[in-house]
Structure formats: structure tokens, C-alpha cells
Amino acid sequence: MRQGLTRRIPVAGPSITDQEVAYVQEAVRDGWYENANVFPARFEAAFAAHVGLRHAISLPSATSAIHLSLAALGVGPGDEVVVPESTWIATSAPISYVGATPVFADVDADTWCLDTRSFEACITPRTKAVIPVDLYGGMADMDGIRTIAASRGIAIIEDAAEAIGSELRGSPAGSFGDTGVFSFHGSKTLTTGEGGMLVTDRDDLHDRALVLRDHGRRLGDTMFRNAEVAFKYKMTSMQAALGLAQLERLDELVDAKREIFDWYRTELADFEGLALNQEPAGTRNSYWMVTAIVDPRHGRSKEQIISSLRGEGIDCRPFFYPLSSLDAYRDMPGRIDAERRNPNAYRLSATGLNLPSALSLTRDDVAAVCHALRSALTDD
Ligand SMILES: Cc1ncc(COP(=O)(O)O)c(C=O)c1O
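Heads up: the sequence shown begins at 17 in our numbering, then just goes up one per residue.
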């Protein structure tokens with residue numbers, strides 16, 4: 017442990033004020049009977065306004081939002097869905113839930129998001145959908161992806177789980193697909209503890225998702241007569257109250273994330289052989305996780321660097337291992353030459369790590385992390 021350290025430096029975590037506590041108290045006390053849907057409805061309306069789309073459906077997680085999106089789009093057995101290699105498995109696992117097959121594409125070397133040409137190369141007559149991921153707050157080339165998807169009749173589910181507050185050409189993350197999904201897990205910039213949101217401008221997908229998320233009850237059903245076997249995916253009133261209070265503070269939360277990133281950028285400016293998250297022209301990165309790709313010249317794997325930092329009381333996470341490298345996908349066809357086909361994902365993963373990015377961090381915390389990182393890379 018670092019000398020004088022009284023607490024570990026957390027990798028992620030929220031900012032909670034009296035406003036969140038007051039809203040949740042109100043929900044616990046009054047969010048029942050005829051008021052049961054007041055906070056979910058307010059949260060959804062405010063969220064739809066944030067992304068500039070007609071519909072937002074509050075859910076237990078982003079995983080369920082991806083599952084519902086695929087189911088509402090009619091993706092099923094025999095279909096293929098393209099996903100980037102570099103993401104949390106929650107992006108791809110729901111593809112298996114609906115009986116379809118994930119196809120892993122490479123990521124762009126700079127944005128770390130789905131590479132447009134690799135996406136195009138993965139398309140077959142079976143491709144039904146693509147799930148670009150706004151990784152760590154970065155934005156994919158959504159114009160290029162949308163052009164290809166539209167010309168081939170492929171639906172887009174934008175996985176903005178990590179990117180609330182990011183923008184591309186002035187439009188918010190999550191607004192570029194047939195559906196967009198967000199996560200409000202406790203590690204996220206906006207949290208409800210666990211939670212998620214599905215957003216869409218398409219009335220048909222909205223209506224279908226509402227039926228599927230409520231055990232197949234037709235819209236307006238009051239007699240509990242189910243039309244089909246489906247799912248149960250709802251957010252509680254208490255979570256929605258927390259989410260609404262957080263959403264009202266979104267600018268402040270994103271500004272804090274950007275400030276944390278700036279502290280790192282300043283501290284590490286003179287350190288050679290380290291690349292941090294990019295913010296290409298026309299994008300605004302909300303920097304959910306400050307992420308460093310260490311040049312191989314330092315001779316350290318991410319596992320070694322993370323282990324050194326953890327020993328100093330500093331929690332870090334690995335850059336996502338390529339999905340095709342996971343035991344979970346050991347039987348995937350095409351896994352054998354995935355490293356050759358998707359070199360960027362494999363290269364970034366070898367030396368990439370997420371640095372502490374919790375909203376509770378101070379400038380001194382960041383200075384301590386950077387000091388420990390320099391030592392981990394230079395000490396013999
Ligand atoms: C890129 C990405 N997609 C999906 C998810 C799933 O979110 P949830 O945990 O809310 O299901 C996460 C969560 O960390 C994520 O990072």
C-alpha cells in the first residue's frame with residue numbers, strides 16, 4: 017500500500033447528493049397505488065428528451081435492453097449479429113439468448129469502437145443486426161456504419177451503456193440506431209444501482225418492447241390475459257427516482273468526468289509511450305473510464321501493470337479481452353483466426369487498462385495514480 021493511504025482508490029463509483037436521497041425517499045414513501053408509475057414515467061420522459069427521441073423504456077439493466085431490442089427486431093435462430101471484439105460480454109450474450117450467432121468484428125485503432133470496414137467484411141446474407149459500442153465514452157463512425165447498415169437492410173442497436181453524455185456532431189450517444197441502450201449500473205456515470213434504458217424513435221419497436229417486457233401482455237391489457245410467453249423487465253420506482261435526480265445533474269456529472277480526464281492528461285503529458293482515450297473532431301467524449309494503452313516498448317503486460325497498481329491500493333481494470341478470446345466463446349466458428357482478422361482488438365487488449373475514474377476522485381488521487389503508474393512502467 018502507498019504510504020499514508022487510508023483508503024483504496026476506487027476504479028469507478030457515483031456522485032450522490034441530497035437531491036438523490038430526497039427523490040428516493042419520496043418514491044419509498046409515496047410511489048405506490050396510483051403513484052406507482054410517477055417516477056418511472058418522469059424518468060423516461062426526461063430521458064427521451066435528453067436523447068431527442070420519442071421513446072424511452074426504463075429497464076433492470078442494459079443487458080435486458082439489448083435482449084429486448086433483439087427480440088423486438090425479430091432476430092432469432094439462423095441470424096447473425098455483428099459486434100465489436102472489444103466490449104463487455106453483455107453486448108453479445110443477448111444474441112445467444114435469442115438463438116442467433118454473434119460475429120466478432122475488429123475495432124478502430126484510435127476510437128477503440130467498431131471498425132467500419134471490418135463490420136462490412138463480416139456481413140453475410142444472414143446478418144440481421146449490428147451492435148456498435150460507444151466504448152469507455154468514445155464514439156464509433158456512426159455515419160459510415162449507418163450508411164452500410166441501411167444499404168444492406170441491417171438494424172442497428174447502439175450500445176451506449178458506457179457513454180451517457182457523449183456526443184457525435186452535436187447528437188447524443190444512444191440516438192443513432194434503431195434502438196439505443198444505456199446502463200445505470202453502480203459503476204456508471206449516471207447510476208440507479210442497477211438499471212438500464214432502451215430508447216427509440218420507432219413506434220413499432222417501442223410498442224413491441226412494451227409487450228415483450230411485460231410477459232406478453234397486449235398494450236392496455238387490464239385482465240392479465242397473456243398473448244405470448246415473453247419476459248419481465250421493469251425498473252422500480254425507487255430506482256427511477258434515483259435516476260431522475262441523477263439525470264437532472266447530468267451536465268455536472270459529465271463535467272466531473274471530463275475534469276478527471278484532464279487531470280490525467282496533464283499529469284501524464286510528458287510521459288512517452290502511453291495513449292489515452294481519443295476525442296476525434298466532431299465528438300465529445302464523456303470519458304466514462306480513463307483508459308491507457310501502454311506502448312509495448314515498456315515491456316509490461318496489462319496484467320503486470322494492474323497487479324503493481326493494486327499492490328499500491330489502486331484499483332484498475334483490464335481493457336476488455338477480445339470476445340473471441342474468451343472461454344465463453346471457445347466453440348465459436350471462426351475463433352481460430354480471429355486474432356489475424358481483428359488485430360487492433362488484440363493489440364489494444366494486450367497492454368490496455370482502465371485507470372481509476374470514480375466520481376469521488378480528487379486531484380491528489382489522480383496524481384498518486386499517475387505516480388504509481390510511472391513507477392510500474394519504469395522501475396526494474
Ligand atoms: C458496453 C456495455 N454494454 C452493456 C453493458 C451491460 O450493462 P448492465 O450491467 O446494465 O446490464 C455494460 C455494462 O457494464 C457495458 O459496459
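C-beta: ideal position from N, C-alpha, C; glycine also. Owing to the predicted nature of the structure, the values given are computational and were not obtained by experimental measurement.
Is it the case that the Cβ atoms of residue i and residue j are separated by a distance below 9 Å?
i      : j      : result
ASP194 : THR107 : no
LEU206 : LEU266 : yes
ALA78  : SER373 : no
LEU214 : LEU84  : yes
PHE55  : ALA43  : yes
LEU86  : ILE111 : yes
ASP217 : LEU69  : yes
VAL306 : PHE277 : yes
GLY181 : ALA189 : yes
THR208 : MET251 : yes
PRO93  : VAL114 : yes
LEU226 : ILE73  : yes
ASP331 : THR367 : no
Considering residue i, what are the terminal residues of the alpha helix (DSSP H) in which it resides?
i      : result
GLY259 : 253-264
ASP217 : Element bounds for ASP217: n/a, residue is neither H nor E.
PRO93  : Taken as a continuous stretch (DSSP letters only), PRO93 belongs to no alpha helix (DSSP H), as it is neither H nor E.
THR394 : 379-394
SER167 : 158-168
ARG135 : The sequence shown places Phe at residue 135, rather than the Arg named in the question. Looking at the DSSP string, the run of the alpha helix (DSSP H) that includes PHE135 is 132-138.
ASN370 : First-last for ASN370: 368-370, but that is the beta strand (DSSP E), not the alpha helix (DSSP H).
SER112 : 109-113
VAL146 : VAL146 -> not in any alpha helix (DSSP H); beta strand (DSSP E) instead, spanning 143-146.
GLU355 : 354-357
TYR39  : 34-46
Cα separation between residue i and residue j?
i      : j      : result
ARG12  : ASP122 : What the structure shows of the chain is the stretch from 17 to 396, and residue 12 is not part of that stretch, so it cannot be assessed.
ASP353 : SER134 : 14 Å
LEU393 : VAL385 : 12 Å
SER199 : LEU221 : 19 Å
CYS129 : GLU178 : 12 Å
PRO338 : PRO148 : 15 Å
VAL97  : THR132 : 15 Å
ARG346 : THR117 : 13 Å
GLY169 : CYS138 : 14 Å
VAL382 : ARG326 : 15 Å
LEU375 : THR127 : 23 Å
ALA297 : ALA125 : 16 Å
ALA88  : ARG162 : 19 Å
ARG24  : TYR39  : 30 Å
LEU284 : GLU355 : 30 Å
ARG224 : ARG363 : 40 Å
GLU210 : LEU258 : 11 Å
ALA256 : ASP395 : 48 Å
GLU136 : HIS314 : 35 Å
ARG316 : VAL119 : 30 Å
What does the Cβ neighbour count give for residue i, buried or exposed, with the cut at 16 atoms within 10 Å?
i      : result
TYR49  : exposed
ALA344 : exposed
LYS248 : exposed
GLY153 : buried
PRO30  : buried
ARG229 : buried
THR33  : exposed
PRO76  : buried
THR287 : Looking at the sequence shown, residue 287 is not Thr but Phe. Exposed.
ARG233 : buried
GLY90  : exposed
MET17  : Confidence at MET17 is low in this model, with a pLDDT of 48, below 50, so the placement of that residue should be treated as unreliable; the coordinate-derived value is given next. MET17 should be labelled exposed.
THR140 : exposed
PRO349 : exposed
SER102 : buried
ASP271 : exposed
GLU319 : exposed
MET239 : exposed
LEU377 : buried
ALA166 : exposed
GLU328 : buried
ASN358 : buried
VAL37  : exposed
SER365 : buried
LEU235 : exposed
GLU268 : exposed
GLN262 : buried
ASN51  : exposed
VAL146 : buried
ALA243 : exposed
So residue i is in the beta strand (DSSP E); what residue range does that whole segment cover?
i      : result
ASN51  : Element bounds for ASN51: n/a, residue is neither H nor E.
ILE330 : Careful: ILE330 lies outside any beta strand (DSSP E) and carries neither H nor E.
PRO118 : 117-121
LEU72  : For the sequence presented, residue 72 should be read as Ala rather than Leu. Residues 71-75.
> Where in the segment 175-215 do unbroken runs of the beta strand (DSSP E), each at least 3 residues long, occur, reported from the N-terminal end onward?
Replying inline: Along the segment 175-215, the beta strand (DSSP E) occurs as fully enclosed runs of 3 or more residues at 195-199, listed in sequence order.
>> In chain order, what are the residue ranges of uninterrupted beta strand (DSSP E) at least 3 long that sit wholly in the segment 281-351?
In response: Listed in chain order, the complete beta strand (DSSP E) runs (minimum 3 residues) inside the segment 281-351 are 290-292 and 307-310.
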